[in-house]
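Undergrad: Read the sequence shown against my numbering and you will find it ends at 486, with the numbers running on by one and no gaps. All C-beta atoms, glycine included, are put in the ideal place defined by N, C-alpha and C. Structure below; questions to follow.
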Amino acid sequence: MTVRRRPRLRNRLSLLAMTVTAVAIIAVSATAWGLLRRQLIEQTDNELSLQSTMGLFNKRWDEIPTPSIPYRMKPGLLPVAQWITPDGLPHHPGFQSTQLPITAQDLDVLHGRQHTVRYDVVVPEGHFRVLTFKNKAGSAIQLAHSLSDEDATLAEFGVLLLIIDAIGIGLVGGLSYALTRAGLRPVDRIVSSAEQVASTQDLTAAVPEDDREPAETARIARSVNSMLSALAQSREQQRQLVEDASHELGTPLTSLRTNIDLLLRSEKADRPLSTQDRTGLLRDVQSQLQELNNLVEEVVDLARDPRSAEEFADLDLADVVRGAVARAQTRSGGAEYLVTAQPAPVRGQPAALERAVLNLLENAAKWSPASSAITVLVSVTGPMATLLIADRGPGVSTEEQELVFNRFYRTTEARALPGSGLGLAIVRQTAEVHGGHVWLTAREGGGTEAWLEIPAHKV
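Rendered as structure tokens:
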């Protein structure tokens, strides 16, 4: 597959600057050339207007005493002139070789529909500026001035402008490239640092930040460093999760292997296990397999990206809690839940929220005495939807109320009971994904209160 090489940013910016400058230079040059041409034409028109006042041009054609004008003066004294008699026929002095065309505009002047007209015309003798007016004798007079000198001046000026434009555009192009290269040098340094991170996989190699650099490049450097820091933190969390998971998996796997070895040896030994012992070992194996299954599910839940795992939807937190309570009653047996739930509309992930609530409920059931009920309250306080789950267990010390939300953390009392130490970590992750938070407090009279708050959603 052929990969098309993209133009570099500095080349694009230089080309853009040069193009904009070239357009501006050409526009200015064209304007200057147009103004010069306009000035030359105005001068020619003024000269023709001045010549039109000569008494010679107020006579009829047949009244012109051309034989009395010395021949040597005729070509230099008079402009190119042509009489259009009332019958529409052209007449010009015999010594004049240039014959001007008669246009519709000229006839309009002859018939009085226009006072004067001015226009350019090209004849075999060259390029002329023509003024047509009507004299007192009723004839239309065409006076023409050669524009050869003006055309030569404009051509020379145009060539000069082209040379100046080419030099100016070239200088601007080179200057733009140099300035763009200097301006993008901080970006090149950021790119080099990013490429070094990609090649070495070293996420601790931060991009240098310089306060003297422009705000935009400094912002890019900070953003890249923030991204690298987040990636490094994510990698460390994944590494820690794998290490903790492997450690936690070791205990049930060792116990499971021991029980299976006992069962296998009992089949080969002369003293087989009694039915009661065999049944006990099989129950232990079943319990350990369930513990492994739960641990693997929780590890997978923590490792999965919570934002992309499930779509957000409009929910009622009260309905989610009721569903979680129904599941908890099925799984925990005799635990009693006293539920008081008012409507609490939220925007969230249904399965993730129910799993988080279920973890809190099962955690409360695990510590509550059999004779006490677990209180469950759902309410809306200001902008937040709140869930409170209160039990009458031994409680959690103030020092550990925050630590219990860490992965695989278990209190001293909890280590003697089934569990992985991941349930509350999943609850905290779910709360953070939903823009909320979770915490524990001591319950008055003994026990623990678990609080979960997420933003309420206005319907």
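Between 481, 203, 456 and 375, which lies nearest to residue 338 when the distance is taken from Cα to Cα?
TA: Here residue 338 refers to the residue found at position 311 when the sequence shown is read from its first residue. It is 375 whose Cα lies nearest to the Cα of residue 338.
Undergrad: Would residue 400 and residue 371 qualify as a contact pair, given that the criterion is a beta-carbon distance under 8 Å?
TA: For the purposes of this step, residue 400 is taken as the residue at position 373 of the sequence shown. For the purposes of this step, residue 371 is taken as the residue at position 344 of the sequence shown. Contact flag unset, no.
Undergrad: From this set, 203, 357 and 352, which residue's C-alpha is nearest residue 364's C-alpha?
TA: Counting from one through the sequence shown, the residue named residue 364 turns up at place 337. Looking at the Cα atoms, 352 is the closest of the given residues.
Undergrad: Mind checking who residue 150 pairs with in its DSSP beta bridge?
TA: By 1-based counting over the sequence shown, the position of residue 150 is 123. Answer is 153.
Undergrad: Would you kindly work out how many angstroms separate the C-alpha atoms of residue 100 and residue 78, rounded to a whole number?
TA: Numbered from 1 along the sequence shown, position 73 holds the residue referred to as residue 100. Numbered from 1 along the sequence shown, position 51 holds the residue referred to as residue 78. At residue 100, the pLDDT of 38 sits below 50, so the modelled position is not reliable and the matter cannot be decided from this model.
Undergrad: Between residue 354 and the rest of its own chain, which residues show a CB-CB distance below 8 Å, the 5 nearest in sequence each way excluded?
TA: Looking up residue 354 in the sequence shown gives position 327. Once the five neighbours on either side are set aside, the close Cβ partners of residue 354 are 381 and 385.
Undergrad: Quick one: using the 10 Å Cβ neighbour count with 16 as the cut-off for buried, is residue 420 buried or exposed?
TA: Within the sequence shown, the letter at position 393 stands for residue 420. With 16 or more other Cβ atoms within 10 Å, it is buried.
Undergrad: In the DSSP assignment, find the unbroken alpha helix (DSSP H) run with residue 377 in it and report its ends.
TA: Against the sequence shown, residue 377 aligns to sequence position 350. Start and end: 377-394.
Undergrad: In terms of DSSP beta bridges, what is residue 406 paired with?
TA: On the sequence shown, residue 406 is found 379 positions in, with the first residue counted as 1. Beta-bridge pairing links residue 406 to 413.
Undergrad: Assess, as a yes-or-no matter, whether the segment 129-137 is touched by the segment 46-57 under the definition of 3 or more beta carbon pairs within less than 8 Å.
TA: no
Undergrad: Jot down the residue ranges of each uninterrupted beta strand (DSSP E) in the segment 39-74, minimum 3 residues, whole runs only, in chain order.
TA: Counting only runs of 3 or more, we get nothing.
Undergrad: Determine the direct distance from the alpha carbon of residue 379 to that of residue 482, and round the result to whole angstroms.
TA: For this step, residue 482 is matched to residue 455 along the sequence shown. For this step, residue 379 is matched to residue 352 along the sequence shown. Their Cα atoms are separated by approximately 15 Å.
Undergrad: Can you tell me which of the three DSSP states residue 206 falls into?
TA: The sequence position of residue 206 within the sequence shown is 179, counting from 1. Note: residue 206 maps to helix in three-state DSSP.
Undergrad: What residue range is occupied by the uninterrupted alpha helix (DSSP H) comprising residue 457?
TA: Stepping through the sequence shown from its first residue, residue 457 is reached at position 430. It spans 450-460 - the alpha helix (DSSP H) in which residue 457 sits, taken as one unbroken run.
Undergrad: Within a Cβ cutoff of 8 Å, which residues of the same chain sit near residue 301, ignoring the five residues on either side of it in sequence?
TA: Within the sequence shown, the letter at position 274 stands for residue 301. Closer than 8 Å at the Cβ level, and outside the excluded window around residue 301, lies no residue.
Undergrad: For the ligand MN, is there a heavy atom less than 7 Å away from the beta-carbon of residue 187?
TA: Questions concerning the ligand MN fall outside what the structure shown contains, since it holds no ligand whatsoever.
Undergrad: Going by other Cβ atoms of all chains shown within 10 Å of its Cβ, with 16 needed for buried, is residue 455 buried or exposed?
TA: Taking the first residue of the sequence shown as 1, we reach residue 455 at position 428. Under this definition residue 455 is a buried residue.
Undergrad: Measure the C-alpha to C-alpha separation of residue 81 and residue 201 and round it to an integer number of angstroms.
TA: As a working note, residue 81 is residue 54 in the sequence shown. As a working note, residue 201 is residue 174 in the sequence shown. Approximately 59 Å, taken between the alpha carbons.
Undergrad: Let me know if residue 198 comes out buried or exposed under the rule of 16 or more other beta-carbons within 10 Å of its beta-carbon.
TA: Looking up residue 198 in the sequence shown gives position 171. Its Cβ having fewer than 16 others within 10 Å, residue 198 is exposed.
Undergrad: Cutting at 8 Å between CB atoms, please list the residues of its own chain near residue 475, excluding the five before and the five after it.
TA: Position 448 of the sequence shown holds residue 475. Contacts found: 391, 394, 417, 418, 420, 422, 423, 467, 468 and 469.
Undergrad: Identify the residues that DSSP records as bridge partners of residue 349: which are they?
TA: As a working mapping, residue 349 is identified with position 322 in the sequence shown. Partner(s): none; residue 349 has no beta bridge.
Undergrad: Figure out for me which residue from 266, 373, 430 and 254 has the closest Cα to the Cα of residue 220.
TA: For the purposes of this step, residue 220 is identified with residue 193 of the sequence shown, where counting begins at 1. When only C-alpha atoms are compared, the closest one is 254.
Undergrad: Residue 125 and residue 166 - do their beta-carbons sit closer together than 8 Å?
TA: Numbered from its first residue, the sequence shown carries residue 166 at position 139. Numbered from its first residue, the sequence shown carries residue 125 at position 98. Result no, Cβ atoms of residue 166 and residue 125 do not sit closer than 8 Å.
Undergrad: Which term fits residue 450, buried or exposed, when burial requires 16 or more other beta carbons within 10 angstroms of its beta carbon?
TA: For this step, residue 450 is matched to residue 423 along the sequence shown. That one is buried.
Undergrad: Check residue 342 in the structure and name its three-state DSSP category.
TA: Taking the sequence shown and counting its residues from 1, one reaches residue 342 at position 315. It is a strand residue.
Undergrad: Determine the contact status of residue 108 and residue 170, defining contact as a CB-CB distance below 8 Å.
TA: Taking the sequence shown and counting its residues from 1, the one referred to as residue 108 is at position 81. Taking the sequence shown and counting its residues from 1, the one referred to as residue 170 is at position 143. Yes, these two residues count as a Cβ contact at 8 Å.
Undergrad: Output the distance between the C-alpha atoms of residue 369 and residue 319, rounded to the nearest integer angstrom.
TA: Here residue 369 is taken as the residue at index 342 of the sequence shown, counted from 1. Here residue 319 is taken as the residue at index 292 of the sequence shown, counted from 1. Those two C-alpha atoms are separated by around 37 Å.
Undergrad: Counting C-beta neighbours from all protein chains within 10 Å, is the total for residue 461 16 or more, i.e. buried, or is it exposed?
TA: In the sequence shown, the residue the question calls residue 461 occupies position 434. By the Cβ-count criterion, residue 461 is buried, with 16 or more other Cβ atoms from all chains shown falling within 10 Å of its own Cβ.
Undergrad: Rounded C-beta distance between residue 308 and residue 290? I'm assuming under 8 Å.
TA: The count along the sequence shown starts at 1 and reaches residue 308 at position 281. The count along the sequence shown starts at 1 and reaches residue 290 at position 263. Yes, residue 308 and residue 290 are in contact; Cβ-Cβ is about 6 Å, under 8 Å.
Undergrad: Please return the same chain residues whose Cβ sits closer than 6 Å to the Cβ of residue 457, not counting the five positions on each side in sequence.
TA: One-based indexing of the sequence shown puts residue 457 at position 430. Correct list, in chain order: 379 and 383.
Undergrad: Roughly how many angstroms lie between the CA atoms of residue 140 and residue 106, to the nearest whole one?
TA: Position 113 of the sequence shown, counting from 1, holds the residue named residue 140. Position 79 of the sequence shown, counting from 1, holds the residue named residue 106. About 25 Å.
Undergrad: Who are the Cβ neighbours of residue 484 in its own chain at under 6 Å, not counting the five residues just before and after it?
TA: Your numbering for residue 484 matches position 457 in the sequence shown. The answer, listed in chain order, is 372, 373 and 374.
Undergrad: Quick check on residue 463: buried or exposed, where buried means 16 or more other Cβ atoms within 10 Å of its Cβ?
TA: Within the sequence shown, numbered from 1, the residue matching residue 463 stands at position 436. That one is buried.
Undergrad: Please state the DSSP three-state secondary structure of residue 129.
TA: Against the sequence shown, residue 129 aligns to sequence position 102. Coil at residue 129, not helix or strand.
Undergrad: Judging by CA-CA distance, which residue of 377, 346, 357 and 114 is the nearest neighbour of residue 366?
TA: Within the sequence shown, residue 366 is the residue found at index 339, counting from 1. Comparing Cα-Cα distances from residue 366 to each of 377, 346, 357 and 114, the minimum goes to 346.
Undergrad: What are the residues that DSSP puts in a beta bridge with residue 372?
TA: Residue numbering aside, residue 372 sits at position 345 when the sequence shown is read from its first letter. Residue 372 pairs with 343.
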